[in-house]
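Single-structure report; data block below.
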Amino acid sequence: MSFWRKIAGLAVRKIDEAECDECPPGLPGEDPAFSTAVTALGAKLAKADGEAHAGEYDVFATVFQSEPGSEGNVRRLYQLARQTTRGFESYARRLKKRYGGCPQLLEDVLDGLFHIAASDGAVTGDELAYLERVCELFGLSPLTFRRLKATHLGAANDDPYAILSVAPDASDEAVRAAWKAQLSEAHPDRARARGLPAEFIEVAEAKAAQINAAYDEIVRERKAMRLEGAA
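Below you can see the structure in the form of structure tokens.
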């Protein structure tokens, strides 16, 4: 099931109060601001790589299924919105203002945008910048963006979270536990204790250094983000 279909499901049921600090009244599907904003954001994403194609609406309509009887209005709004990326920030702000107390719903929207961006097999730098800005306007953390990006596009081989095999938005405690477990497994002393040749010990030393460097990078990044957030 695509995340846009998950949103469509959310639109016809009451939001789970456990996922929200403050739930707005009614259903998302009954809120014109919700339908308008997600349609506009999807349409403007299609323009983010420089050129919108008519067939992109078919991709959008496949993953974000509108309510019966509203297809014509959704298509007209989509065709109008996809002419330019200008104005996408205002739609993102509207969703944040209306559903800021339901971060999981906003994350689902961002996840759906990633799904649409990746549907043609390639995500451009301009599309990534668009998605990152939407994430920021939604009030979601950079680590959430990093996790969604890795989910849809794969993590880089040198990504410190990929090296430690831990999610980018994992807790500090989980990151530290992963670091200690990986380091224990790769520690050169284990290779020495098994009597392995010198070249195996060198490989273990290099891997341990990589694990330590990844952990140090994550600690630095998180410290910098906390300082920035406190400023």
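Our numbering numbers the first residue of the sequence shown as 60 and each following residue consecutively. Heads up, the beta-carbon is just placed ideally off N, CA and C, and yes, glycines get one too.
Cβ-based burial, residue i [other Cβ within 10 Å; buried from 16]
i	result
Arg281	exposed
Ala215	exposed
Lys208	buried
Ala289	exposed
Ala102	buried
Asp170	buried
Ala237	buried
Leu172	buried
Pro91	exposed
Ala233	exposed
Phe62	Its pLDDT being 42, under 50, Phe62 is placed unreliably in this model, and the coordinates cannot settle the point.
First through last residue of the alpha helix (DSSP H) which encompasses residue i
i	result
Val182	From DSSP, Val182 is part of no alpha helix (DSSP H); its letter is neither H nor E.
Asp231	Asp231 to Ala245
Leu212	Pro201 to Leu212
Arg152	Phe147 to Tyr158
Pro91	Pro91 to Lys106
Pro219	Pro219 to Leu223
Reference residue i, options the options, closest by Cα
i	options	result
Ala177	Thr210, Gly159 and Ala151	Thr210
Asn271	Ala289, Glu287 and Ser243	Ser243
Tyr149	Val193, Gly160 and Glu186	Correcting the residue identity first, residue 149 is Ser in this sequence and not Tyr. Checking every option, the nearest Cα to that of Ser149 belongs to Val193.
Ala229	Ile222, Phe147, Arg206 and Glu191	Arg206
Ser224	Ile277, Ala252 and Pro201	Ile277
Lys239	Ala268, Ala99 and Pro227	Ala268
Asp107	Ala257, Leu187, Val234 and His246	The question names Asp, but residue 107 in the sequence shown is Ala. When only C-alpha atoms are compared, the closest one is Leu187.
Gly184	Gly101, Leu212 and Val234	Leu212
Asp217	Ser94, Tyr274, Tyr158 and Gly159	Tyr274
Ala105	Ala92, Gly159 and Val182	Val182
Pro201	Leu100, Ser94, Pro91 and Ala283	Ala283
Pro227	Gly180, Arg285 and Thr203	Thr203
Phe147	Thr98, Ala257, Gly159 and Leu286	Thr98
Arg279	Asp248, Asp231, Lys156 and Gly160	Asp231
Lys155	Phe93, Glu261 and Ala221	Phe93
Sub-8 Å separation of residue i and residue j beta-carbons
i	j	result
Arg145	Ala96	no
His246	Ala265	no
Ala151	Leu100	yes
* **Stretch-stretch touch, CB-based, cutoff 8 Å, three pairs: the stretch 159-166 with the stretch 189-203** => yes
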